[in-house]
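Peer 1: One structure follows; several queries about it will come next.
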Amino acid sequence: MPFIVAFVFAYVLWLVLTAGTNGLLWSSQELIAGLIFAGIIGYATKDVVGEKSTRFLNPIRWLEWIAYAPVLFWGMVKANFHVAWLVITGRIRPGIVRVPVDLEEDAQYTILGNSITLTPGTLTIDARPEEKALYVHWIDIPKGMERPESSEPVSGPFEKWARRLGK
């Protein structure tokens, strides 16, 4: 089942990314190339997708990801303006902070870590599920936030979304 799920996901993504490139929806070459590449991706990632693979076929899950996209985009926009301000003023206070999180699944840690890393000014260095923490390089640590008590100052709403999307 993990192969089928990875194959379907890769093929749908291929179809979305190649739609309308020749004036038609898809050419026969694009459809065949998509099948080949989706087969390769499906085989290569079947172990990564794992035993909970059917969760990726749930259309509600896809809608949740679509709903998350503007949240992530807005976080990236705000962080870009903040980093630009830091560059203009030259006031940075970089460092590595231990960010406590309340997550259970590896997928949740991956979603949160990637979301943090995608926002400029932060970089997830390490995920420690056994400590229930992420280690994050933060370009501008506010005074008193050297040891945050929650992930909110670093990640904003991303932890709530990671908990929801990664279950």
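Numbering (the working numbering), first residue to last: 6 to 172.
The C-beta atom is built at its ideal place from N, Cα and C for all residues, glycine as well.
Quick check for students: name the residue ranges of the alpha helix (DSSP H) that lie wholly in the segment 80–132, counting only runs of 4 or more.
Peer 2: Fully enclosed alpha helix (DSSP H) runs of 4 or longer: 111–123.
Peer 1: Quick one, are the C-beta atoms of I101 and Y140 less than 8 angstroms apart?
Peer 2: Yes.
Peer 1: So, with DSSP's three-state summary, where would you put L22?
Peer 2: Helix.
Peer 1: Quick one: residues in its chain with C-beta nearer than 6 angstroms to the C-beta of D145, no 5 flanking neighbours on either side, listed in chain order?
Peer 2: The residues are L91, I97, R98.
Peer 1: Relative to the C-alpha of I116, which candidate in A89, K172, I65 has its C-alpha closest?
Peer 2: With distances taken between Cα atoms, I116 lies closest to K172.
Peer 1: How would you call E69, buried or exposed, if buried means at least 16 neighbouring beta carbons within 10 angstroms?
Peer 2: Answer is exposed; the Cβ neighbour count stays below 16.
Peer 1: In the structure shown, what three-state DSSP assignment does W143 receive?
Peer 2: Note: W143 maps to strand in three-state DSSP.
Peer 1: Based on the DSSP output, what are the partners of A138 in its beta bridges?
Peer 2: A138 pairs with P105, R133.
Peer 1: If we ignore side chains and look at the alpha-carbon of each, how far apart do G44 and F8 end up?
Peer 2: So the alpha carbons of these two residues sit roughly 8 angstroms apart.
Peer 1: Identify whether W31 lies in helix, strand or coil by the three-state DSSP scheme.
Peer 2: Note: W31 maps to coil in three-state DSSP.
Peer 1: With distances taken Cα to Cα, identify the nearest neighbour of R133 among V82, P105, R152.
Peer 2: Per the Cα distances, P105.
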